[in-house]
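Below is one structure, written out as structure tokens, with a few remarks after it.
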Amino acid sequence: MIAALIRWSIANRFLVLLATLALAAWGILAASRTPLDAIPDLSDVQVIIRTTYPGQAPQIVENQITYPLTTTMLSVPGAKTVRGYSFFGDSFVYILFEDGTDPYWARSRVLEYLNQVQSRLPPQAKTSLGPDATGVGWVYEYALVDRSGRMDLSELRALQDWFLKYELKAVPNVSEVASVGGMVKQYQIVLDPVRLRAFNIPHAKVIEAVQRANQETGGSVLELGEAEYMVRASGYLKSLDDFRKIPLSTTDSGIPVRLADVARVQVGPEMRRGIAELDGEGEVAGGVIVMRFGKNALETIDAVKAKIASLKPSLPPGVEIVPTYDRSALIKRAVGNLGQKLVEEFVVVALVCVLFLFHLRSAFVAIVSLPLGILAAFIVMYYQGVNANIMSLGGIAIAIGAMVDAAVVMIENAHKRLEAWHDAHPGATLAGAERWGVIGEAAAQVGPALFISLLIITFSFVPVFTLEAQEGRLFSPLAFTKTYAMAAAAGLAVTLVPVLMGYLIRGRIPAEERNPLN
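The numbering used here numbers the first residue of the sequence shown as 10 and each following residue consecutively.
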């Protein structure tokens, strides 16, 4: 069958060349669109549930939040591990799924089970899902710095929370923009227990009065003079004086007791359990960019940088956005370094082919199959969703040396057959159909054995595919790309290489004995 394929390729050589050009164009397009990253994503498919329960001790959070959530999530389809962590005022539940689970399917299942357990949680508890990202989704971090000193930490944090955060979340492939550092400004009511007791006002009544005072209510419309007027009661609290004037009760003489009579109202920072500092020069506010699952890290970072550059004119005078972590530099160094080694290896293989074949045009036949095999591997990588990283490119680097083996042997056999023909026909010229016949017989003689030998090398990495968990995620890109490159080389050896031999192995071919390296 392989010999018949070789003869068919020679008979339809123009079609084979057209298919080769199409393969090259397709491969270049796929290589340009393949996502880039430094290393493979080793994290499990996971969904994180965060529940805030303000002011509660870890033991209460454990009993009332974490335990009900973890026991419910154990029955989620595909979940292999459920871990719960309880902190002061916060609960985190991690649901880890089986390998190969679609992350968005997993999130939808978790939401279904979360709805079932919601009624068992305290009313004050607020649950939310973590971002649709992986453990390596943290791709960019920045800090807001005011060189002029006109803005304090609370103003920088407000700028981050109400301006930069929403602008950057609109960037494609950004899952979350997490705010860090600074101080979150809040209205604080400091009650005086002595005055509360004097007026006989319980703590719960103060909370109820503040909640009731901070409301807006609609009252339908009035139609006057062919015009409609909307009726509403505007009651949102907008200043410290609005808080101070909130009525709590009345005295026996009918005098209203306001919040200012029993408490001190002030603007202050929300309780902080950590800070963000830059270069030891003081506190800053900033943000962390988290990328969506399976997206191109380099493209996402470039889009974030472009967005930040467009937002800089909108910042207050003196405020700067300082990058503190940028994974694109690591990606470019890692991939660029390995790409350079691939080029060096390609050059070495090409020189070896030229030196040992001792015929430049014949060596070109073997050399041209290398980039075509690599481009074919990139096509499969792109459609399979394998990133270009140090492991996947390393698989190609491993395969480069063996990819030319079949072509070199086939060329050597063609040299022998051409030399034998000239010895049998001294003074005659080999041309036309007869020449293509000799080339075809030379290729068909060794082609099947070479094809099988390349397939054996191709399948040598099959045991790697049996690795699971983090080991499998680490080494499978290498095994995939090495397998694809070798399979492409095997296919090219029995289709393109015989055609190129017919076109390029011409002229004076030196005998093997004349090569000083033999």
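Note that beta-carbon positions come from the ideal geometry of N, C-alpha and C, so glycine has one too.
Candidates the options: closest to residue i by CA position
i      : options                           : result
SER137 : ALA167, GLN169 and TYR103         : TYR103
ALA242 : LEU153, GLN224, MET300 and VAL352 : GLN224
ALA285 : ASP311, GLY190 and ILE48          : GLY190
GLY64  : LEU38, PHE97 and THR79            : PHE97
GLY404 : PRO486, PHE387 and LYS425         : PRO486
LEU347 : ASP250, HIS424, ASP46 and LEU30   : ASP46
ALA31  : GLY511, ARG515 and LEU505         : LEU505
PRO380 : ILE11, ALA40 and PHE23            : ALA40
LEU120 : VAL148, LYS178 and ARG59          : ARG59
ALA272 : GLY283, ASP261, SER262 and PHE252 : PHE252
SER323 : PHE172, THR333, THR260 and ASP99  : PHE172
MET82  : SER95, ILE57 and ILE69            : ILE57
LEU246 : ARG221, LEU231 and GLY234         : ARG221
MET10  : ALA306, PRO457 and ARG444         : PRO457
THR467 : GLY500, VAL447 and GLY449         : GLY500
SER184 : VAL193, LYS174 and TYR238         : LYS174
GLY511 : SER371, GLY295 and VAL215         : SER371
SER128 : ALA115, ILE74, SER157 and ARG159  : ILE74
PHE373 : SER462, THR333, LEU509 and GLN68  : LEU509
ASN124 : VAL145, SER100 and LEU78          : LEU78
ASP99  : THR110, ALA12 and ARG282          : ARG282
Coarse secondary structure for residue i, derived from DSSP in three states
i      : result
PRO278 : strand
LYS247 : coil
ARG267 : strand
ALA88  : strand
VAL328 : strand
ILE198 : strand
GLU235 : coil
PRO256 : strand
ILE514 : coil
LEU32  : helix
ALA294 : strand
ALA272 : strand
LYS135 : strand
SER188 : strand
LEU45  : strand
LEU130 : coil
ARG241 : strand
SER229 : strand
THR333 : strand
ASP155 : strand
VAL180 : coil
Rounded Cβ spacing between residue i and residue j (contact assumed at less than 8 Å)
i      : j      : result
LYS316 : GLU176 : 7 Å
SER401 : THR490 : 5 Å
ASP270 : ARG166 : Between ARG166 and ASP270 the Cβ distance is about 32 Å, and since that is not below 8 Å, they are no contact.
MET419 : LEU459 : 6 Å
ASN398 : ILE37  : ASN398 to ILE37, Cβ: 19 Å. No contact.
ALA415 : ALA502 : 4 Å
ASP50  : ALA478 : Actually they are not in contact, since the Cβ atoms of ASP50 and ALA478 sit about 13 Å apart, beyond 8 Å.
ALA134 : TYR76  : In fact, because the Cβ distance is near 13 Å, the residues do not count as touching under 8 Å.
Straight-line Cα distance separating residue j from residue i
i      : j      : result
ARG482 : LEU513 : 43 Å
PRO44  : ALA66  : 44 Å
VAL358 : LYS350 : 12 Å
ASP155 : VAL331 : 10 Å
GLY139 : ARG301 : 11 Å
LEU257 : LEU200 : 13 Å
GLY143 : VAL266 : Looking at the sequence itself, residue 143 is Thr, so the reference to Gly does not match. Approximately 54 Å between the Cα atoms of the pair.
ALA88  : LEU14  : 49 Å
LEU130 : ALA408 : 56 Å
ALA442 : ILE19  : 10 Å
THR226 : TYR122 : 35 Å
THR492 : ILE465 : 10 Å
VAL328 : LEU153 : 7 Å
SER117 : PRO278 : 36 Å
GLY303 : SER52  : 12 Å
LEU360 : THR29  : 24 Å
LEU249 : VAL276 : 8 Å
ASP161 : LEU287 : 15 Å
PRO326 : ALA318 : 15 Å
LYS254 : GLU308 : 53 Å
ALA453 : ILE383 : 25 Å
SER84  : GLU71  : 19 Å
SER378 : ALA34  : 15 Å
VAL186 : ARG206 : 45 Å
VAL455 : VAL25  : 20 Å
GLY234 : VAL219 : 38 Å
Within-7 Å CB hit, residue i to chain D
i      : result
ALA359 : Absent here is chain D; the protein component of the structure consists of one chain.
Unbroken stretches of the alpha helix (DSSP H), 4 residues or longer, contained in the stretch 344–412 | 369–393 and 399–412
Inside the stretch 49–109 only - beta strand (DSSP E) runs reaching at least 3 residues | 55–61, 88–96 and 99–106
What runs of the beta strand (DSSP E), each 3 residues or longer, lie entirely inside the stretch 444–491?
-> none
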